[in-house]
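Under UniProt numbering, think of the first position of the sequence shown as 1, with each following residue one higher.
The beta-carbon is built from N, C-alpha and C at its ideal position, and this holds for glycine as well.
Here the structure is a predicted model, which means the values were calculated and not measured.
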Amino acid sequence: MGKPFDATLNTLIDAHLGDWAAFLGARAGVPPGPAAPLDTDLSATLQADRLFRIDGVSPAALHLELESSGRLGIPGELLRYNVAAWAVNGLPVHSVLVLLRPKATATDLTGTLELAGADGAPYLTFRYTVIRVWLETVDALLAAGPGVAPLALLTNEADADLPAAFVRFRQALRSAAVPDSVERGLLGSTFVLCGLRYDPARVETLYRELSMTLEDSTTYQLILNRGVAQGEARGAVAEAQRLLLLLGQERFGMAPSAIEAALRAVTDRSRLERLARRVLTATDWNDLLTTN
């Protein structure tokens, strides 16, 4: 990936490998089974986004690539990764390309790559699976499990009524009975991923509306106010700082020590709330700190 959202997606996959492996495996025709990560360093020059081993009735490897920008030539890259992964792991490798937004599509992403010989006849046919997230239904992605559910907000269906789709997303998390800490992380990841498709103002409006209407929300607003509600203002500030660093890490990467120190020096709750909202629109840690 190598994109601003790769840290968030990698966090989702690492924390919910089973959800992702089951969802991708079903689309690629791989029998279900226990999943385990495989090394993505295939050679000195090749590194796949993600590789999973699925030990079903017919063990196989799943190769995942995530794309957010459109370009030609991806099928050839998938073939190189696929062959290298087969050589390293000795398993049949099923490649799955997940396109995260409409601008990620390209005319050569047909699901099949044929290489023609000198006589014009194909001598190699490579098949891969393409998942265009925006064409999926909200229900299909929510049903794939909490780890895949954040992608539901990137669909055309969600775009038509984003607040309603977000409410369905939260209801799915509650139905799955995920722990509060996991729900908080998934909500934060979802707001970050929404930046793939929606302009910052729309995402911020969604956050603000939900913060005001969902009194039991475990997103930013609850954490910023929890300490005051319990008469523990100092605890509220510390928790707000912790969440801000966590969300910033997903958006910009690990905070340098100087940045972390500067954020921990902020004790004004109002400014901490403004900083949390600005995570969605800031370009990097330094830009975030310019928020008054």
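- Within the same chain, and ignoring the five residues on either side of ASP19 in sequence, the residues whose Cβ sits closer than 7 Å to its Cβ are ALA144, GLY145, PRO146, GLY147 and VAL148.
- Checking the DSSP bridge columns, you'll see VAL98 partnered with LEU66 and ILE131.
- By a beta-carbon distance limit of 8 Å, ALA85 contacts ALA61. Their separation comes to about 6 Å.
- Ranked by how close their Cα comes to the Cα of ILE54, the residues HIS94, LEU289, VAL167 and LEU141 have HIS94 in first place.
- Here THR8 is not near VAL203, since their CB atoms are 7 Å or more apart.
- When the beta-carbon positions are compared, VAL138 and THR155 come within less than 7 Å of each other.
- LEU51 and ASP14 have their C-alpha atoms roughly 11 Å apart.
- The shortest C-alpha to C-alpha distance from GLU67 to any of ILE131, ALA28 and TYR81 is the one to ILE131.
- With a cutoff of 7 Å on beta-carbon distance, THR129 and ARG27 are scored as near each other.
- By the C-beta density criterion, ARG251 is buried, having at least 16 other C-beta atoms within 10 angstroms.
- The residue among ARG170, GLU65 and ASN89 with its C-alpha nearest the C-alpha of LEU38 is ASN89.
- For PHE52, the secondary structure class from DSSP, reduced to helix, strand or coil, is strand.
- Membership of ALA35 in the beta strand (DSSP E) is indicated by the continuous run 35–37.
- Residue pairing by DSSP places LEU113 opposite PHE126 in a beta bridge.
- By the neighbour-count criterion, in which a residue is buried when 16 or more other Cβ atoms sit within 10 angstroms of its Cβ, ALA158 is buried.
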